[in-house]
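Novice: In order, the protein sequence lines correspond to chains L and V.
When we follow my numbering, the leftmost residue of the first sequence carries the number 1, and every step to the right adds one.
When we follow my numbering, the leftmost residue of the second sequence carries the number 1, and every step to the right adds one.
Protein chains: 2
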Amino acid sequence: MKVDICFSPALYPYYADSNDYIVVVVDVFRATTTMCAALNNGAECIIPVASIEEAEAYKAKGYLVGAERNVKRCDFADFGNSPFDYTKEKIEGKEVVFTTTNGTQAIDAASGADILTIGAFSNISALTDFCIKKQKDVMILCAGWNNRFNIEDTLFGGALAARLIERGYSVASDAVQVALSVWAEALPNIRSYINRTEHIKRLEANNLQDSVEYCLTEDTVNLVPVYDKVRKVLNP
Amino acid sequence: MKVDICFSPALYPYYADSNDYIVVVVDVFRATTTMCAALNNGAECIIPVASIEEAEAYKAKGYLVGAERNVKRCDFADFGNSPFDYTKEKIEGKEVVFTTTNGTQAIDAASGADILTIGAFSNISALTDFCIKKQKDVMILCAGWNNRFNIEDTLFGGALAARLIERGYSVASDAVQVALSVWAEALPNIRSYINRTEHIKRLEANNLQDSVEYCLTEDTVNLVPVYDKVRKVLNP
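#1: Between which two residues does the alpha helix (DSSP H) containing Asp108(V) stretch?
#2: Using alpha carbons as the reference points, say which of Pro83(L), Ala10(L), Asn207(L), Phe98(L) lies closest to Lys59(L).
#3: Would DSSP call Val182(L) helix, strand or coil?
#4: Ala10(L) CB to nearest chain V CB: under 8 Å?
#5: Tell me the rounded alpha-carbon separation between Ala120(L) and Ala31(V).
#6: Just to confirm, is the Cβ distance from Met1(L) to Gln177(L) under 8 Å?
#7: May I have the straight-line CA-CA distance separating Asp210(V) from Asn19(L), to the nearest angstrom?
#8: For the putative contact between Ile107(V) and Val25(V), defined by C-beta atoms under 8 Å, what is the C-beta separation to the nearest angstrom?
#9: Report yes if the C-beta distance between Asp143(V) and Asn81(V) is below 8 Å; otherwise report no.
#10: In the DSSP assignment, what are the bridge partners of Val25(L)?
#11: Let me know if Ala205(V) comes out buried or exposed under the rule of 16 or more other beta-carbons within 10 Å of its beta-carbon.
#12: Between Lys201(L), Thr220(L), Leu216(L), which lies nearest to Tyr71(L) when the distance is taken from Cα to Cα?
#13: If Val221(L) sits next to Asn123(L), beta carbons under 8 Å apart, how far is it from one beta carbon to the other, in whole angstroms?
#14: Enumerate in chain order the residues of its own chain whose CB-to-CB distance from Asn147(L) is below 7 Å, with the five nearest sequence positions on each side excluded.
#15: Roughly how many angstroms lie between the CA atoms of Cys6(V) and His199(V), to the nearest whole one?
#16: Please check the pair Ala38(V) and Ala55(V), which I expect to be a contact at CB under 8 Å, by giving their CB distance rounded to whole angstroms.
#17: My guess is that Leu164(L) and Thr128(L) are in contact by the Cβ rule of under 8 Å, so how many angstroms apart are they, rounded?
#18: So if I threshold CB-CB distances at 9 Å, which residues from the region 128 to 154 of chain L count as touching chain V?
#19: Taking the straight line between their C-alpha atoms, what separation do you get for Cys36(V) and Val23(V)?
#20: Pull out every residue of the region 163 to 192 of chain V whose Cβ sits closer than 8 Å to any Cβ of chain L, in chain order.
#21: Return the residue from the list Asp137(L), Ser192(L), Asp4(L) that minimises the CA-CA distance to Glu152(L).
#22: When we look at the beta-carbon of Asn235(V) and count the other beta-carbons within 10 Å, is it buried (16 or more) or exposed?
#23: Identify the continuous beta strand (DSSP E) that holds Cys45(L) and give its terminal residues.
#24: Sorted by chain position, which residues of the same chain lie with C-beta nearer than 6 Å to Val182(V)'s C-beta, five sequence neighbours on each side aside?
#25: Along the chain, where does the beta strand (DSSP E) that runs through Lys88(V) open and close?
#26: Would you say Phe29(V) lies against chain L (beta-carbon separation less than 8 Å)?
#27: If the cut is a Cβ gap below 9 Å, which residues of chain V does Thr197(L) touch?
#28: Relative to the C-alpha of Asn40(V), which candidate in Gly93(V), Glu68(V), Pro13(V), Ser51(V) has its C-alpha closest?
#29: Residues of chain L with a CB under 8 Å from the CB of Tyr15(V): which are they?
#30: Which same chain residues end up closer than 6 Å to Arg73(L) when comparing Cβ atoms and leaving out the 5 residues on each side of it in sequence?
#31: Would the beta-carbon of Phe130(L) fall within 8 Å of that of Val224(L)?
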């Protein structure tokens with residue numbers, strides 16, 4: 001089995017030579033971390049949509065909606081993109097519609113994959129076990145930022161790849177080599193490493209850095225969200 | 001001034017927020033190294049074309065043609081993609097038409113840039129001086145492999161970025177941070193670092209690794225090829 005990584009949804013067509021693998025979509029800051037938190041707090045499912053217009057249409061029908069663009073909550077929405085917004089009281093048993101700058105676009109790009117999962121530091125152990133159990137190749141798809149490369153998703157990719165390699169997977173590409181290097185370089189002090197990133201500057205400029213620690217903490221939830229064939233993300 | 005790097009021609013549209021910079025197209029193995037060598041050996045210019053069909057049409061008109069796909073020379077062509085093919089005796093004073101799997105596509109992608117240059121380890125000092133003299137932002141465009149990320153072009157990007165930063169440039173993005181890390185990690189033993197790459201395996205499988213040392217050697221030529229407005233690459 002092999003583990004590969006694709007640094008941008010725009011590059012996905014050049015990596016997807018088959019659909020016979022597990023795609024792990026990651027958007028550490030903050031879409032995939034937030035989806036894991038929402039499902040852990042009892043949301044029935046998340047309905048990812050790519051556009052603001054779709055999200056507004058759901059809102060008009062009475063759905064709860066999380067919507068973010070350029071790190072900020074959209075005015076019409078119930079929630080933004082912080083994992084702390086999605087509390088048990090607000091979302092337990094509910095379907096939540098969700099659109100973000102990058103994460104939901106990445107899901108869209110990879111929706112043809114056999115198995116599409118949602119990854120974050122918060123579920124990295126559960127996700128590793130899930131992949132090992134399935135015994136399939138793994139393709140990590142970084143959400144990036146407006147299709148540009150970012151460090152935080154690459155860092156997560158390196159962390160997940162390192163765990164899979166420890167358990168018998170092999171390196172599929174130059175991209176995985178570099179993700180492993182990023183992870184090894186960051187490991188002595190992840191918080192200080194991540195402080196150099198473009199995204200931290202964006203979050204700080206909008207006073208939204210309160211969830212950064214949480215987004216970098218491993219194993220706060222024990223579930224693997226899966227995007228099913230009716231276009232919902234569930235905790236099966 | 002800032003230095004940025006784009007890991008794939010397919011990502012270039014997401015990086016090119018203006019054309020007001022120097023683009024450095026790099027394809028270490030081997031298109032841009034070979035273009036530098038050909039101009040250094042006295043070729044009048046190189047006419048990069050994206051498709052095999054265009055190259056064949058030039059060949060029919062009597063031009064010298066270099067053409068490579070998937071590391072191998074195309075049957076109809078005079079030369080492949082090795083810098084050693086383009087000797088003084090064969091090309092001095094001649095126009096050479098050139099098409100390769102990745103390098104010429106990258107030139108195509110960035111052809112709207114104010115200044116489009118060709119970079120390789122072989123001209124890295126001349127290129128650094130050129131950028132400093134122009135006092136413009138620099139965008140390094142990696143040719144990659146079929147639009148996928150590769151290590152060797154990223155390595156060169158890190159090397160060039162490090163030189164520019166030493167001379168006053170600042171880091172534009174997460175991507176440059178990672179290219180600098182790749183360069184720093186490889187520096188103690190570049191040849192052994194590069195041995196892990198996908199491209200070395202491709203070259204070895206085709207017995208084409210003879211030019212690898214040359215492609216990784218700094219400053220064997222003292223020129224900066226520029227893509228001019230009549231779509232030719234010249235040593236101005």
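The beta carbon of each residue, even a glycine, is placed where N, CA and C say it ideally should be.
Specialist: Short version:
#1: If you number the second sequence from 1, residue 108(V) lands on position 108. That run of the alpha helix (DSSP H) goes 103 to 109.
#2: Translated into the one-based positions of the first sequence, residue 59(L) becomes position 59. Closest option to Lys59(L), Cα to Cα, is Phe98(L).
#3: The residue you call residue 182(L) lines up with position 182 of the first sequence. If DSSP states are grouped into helix, strand and coil, Val182(L) belongs with the helices.
#4: If you number the first sequence from 1, residue 10(L) lands on position 10. At a cut-off of 8 Å between beta-carbon atoms, Ala10(L) makes contact with chain V.
#5: What you label residue 120(L) is simply residue 120 of the first sequence in a count that begins at 1. What you label residue 31(V) is simply residue 31 of the second sequence in a count that begins at 1. Rounded to the nearest whole angstrom, the CA to CA distance from Ala120(L) to Ala31(V) is 39 Å.
#6: Along the first sequence, one-based indexing puts residue 1(L) at 1. Along the first sequence, one-based indexing puts residue 177(L) at 177. Result no, Cβ atoms of Met1(L) and Gln177(L) do not sit closer than 8 Å.
#7: Working through the second sequence from its first residue, we reach residue 210(V) at position 210. Working through the first sequence from its first residue, we reach residue 19(L) at position 19. Near 37 Å, if we compare the C-alpha coordinates of Asn19(L) and Asp210(V).
#8: Within the second sequence, the letter at position 107 stands for residue 107(V). Within the second sequence, the letter at position 25 stands for residue 25(V). At roughly 5 Å, the Cβ-Cβ gap stays under 8 Å, so Ile107(V) and Val25(V) are in contact.
#9: Within the second sequence, residue 143(V) is the residue found at index 143, counting from 1. Within the second sequence, residue 81(V) is the residue found at index 81, counting from 1. Strictly speaking, residue 143(V) in this sequence is Ala, with Asp absent from that position. Contact: no.
#10: Reading the first sequence from its first residue, position 25 is the one you call residue 25(L). Per DSSP, Ile118(L), Leu141(L).
#11: The residue you call residue 205(V) lines up with position 205 of the second sequence. Under this definition Ala205(V) is an exposed residue.
#12: Position 71 of the first sequence holds residue 71(L). The question names Tyr, but residue 71(L) is Val in the sequence shown. Val71(L) has its Cα closest to that of Lys201(L), out of Lys201(L), Thr220(L), Leu216(L).
#13: For this step, residue 221(L) is matched to residue 221 along the first sequence. For this step, residue 123(L) is matched to residue 123 along the first sequence. Val221(L) to Asn123(L), Cβ: 5 Å. Contact.
#14: Start at 1 with the first residue of the first sequence, and residue 147(L) comes out as number 147. Excluding residues within five positions, the ones whose Cβ falls inside 7 Å are Ser8, Pro9, Ala10.
#15: The sequence position of residue 6(V) within the second sequence is 6, counting from 1. The sequence position of residue 199(V) within the second sequence is 199, counting from 1. C-alpha separation (whole angstroms): 19 Å.
#16: The residue given as residue 38(V) occupies position 38 in the second sequence. The residue given as residue 55(V) occupies position 55 in the second sequence. So it is not a contact: roughly 15 Å between Cβ atoms.
#17: Taking the first sequence and counting its residues from 1, the one referred to as residue 164(L) is at position 164. Taking the first sequence and counting its residues from 1, the one referred to as residue 128(L) is at position 128. With 8 Å as the limit, Leu164(L) and Thr128(L) qualify as a contact, their Cβ atoms being about 6 Å apart.
#18: Gly144, Trp145, Asn146, Asn147, Arg148, Phe149, Asn150, Ile151, Glu152, Thr154
#19: Residue mapping note: residue 36(V) aligns to position 36 of the second sequence, counting from 1. Residue mapping note: residue 23(V) aligns to position 23 of the second sequence, counting from 1. Those two C-alpha atoms are separated by around 16 Å.
#20: Ser173, Asp174, Ala175, Gln177, Val178, Ser181, Val182, Glu185
#21: Taking the first residue of the first sequence as 1, we reach residue 152(L) at position 152. Comparing Cα-Cα distances from Glu152(L) to each of Asp137(L), Ser192(L), Asp4(L), the minimum goes to Ser192(L).
#22: Reading the second sequence from its first residue, position 235 is the one you call residue 235(V). Buried.
#23: In the first sequence, counting from the first residue as 1, residue 45(L) sits at position 45. First-last of the beta strand (DSSP E) with Cys45(L): 45 to 48.
#24: For this step, residue 182(V) is matched to residue 182 along the second sequence. So the list reads Thr154, Leu155, Gly158, once near-sequence residues are dropped.
#25: The residue you call residue 88(V) lines up with position 88 of the second sequence. No beta strand (DSSP E) contains Lys88(V), which is instead part of the alpha helix (DSSP H) from 88 to 91.
#26: Reading the second sequence from its first residue, position 29 is the one you call residue 29(V). Interface residue (Cβ-Cβ distance to chain L less than 8 Å): Phe29(V) is not classified as such.
#27: Translated into positions along the first sequence, residue 197(L) becomes position 197. Per Cβ cutoff of 9 Å: Asp174, Gln177.
#28: Stepping through the second sequence from its first residue, residue 40(V) is reached at position 40. It is Gly93(V) whose Cα lies nearest to the Cα of Asn40(V).
#29: Mapped onto the second sequence, residue 15(V) falls at position 15. Near Tyr15(V) (Cβ distances below 8 Å), the residues of chain L are Arg148.
#30: In the first sequence, residue 73(L) corresponds to position 73, counting from 1. Taking C-beta separations shorter than 6 Å and ignoring five residues to either side along the sequence, the partners of Arg73(L) in its chain run Gly80, following chain order.
#31: On the first sequence, position 130 is the one that residue 130(L) refers to. On the first sequence, position 224 is the one that residue 224(L) refers to. Yes, the pair counts as a contact, with Cβ atoms nearer than the cut-off.
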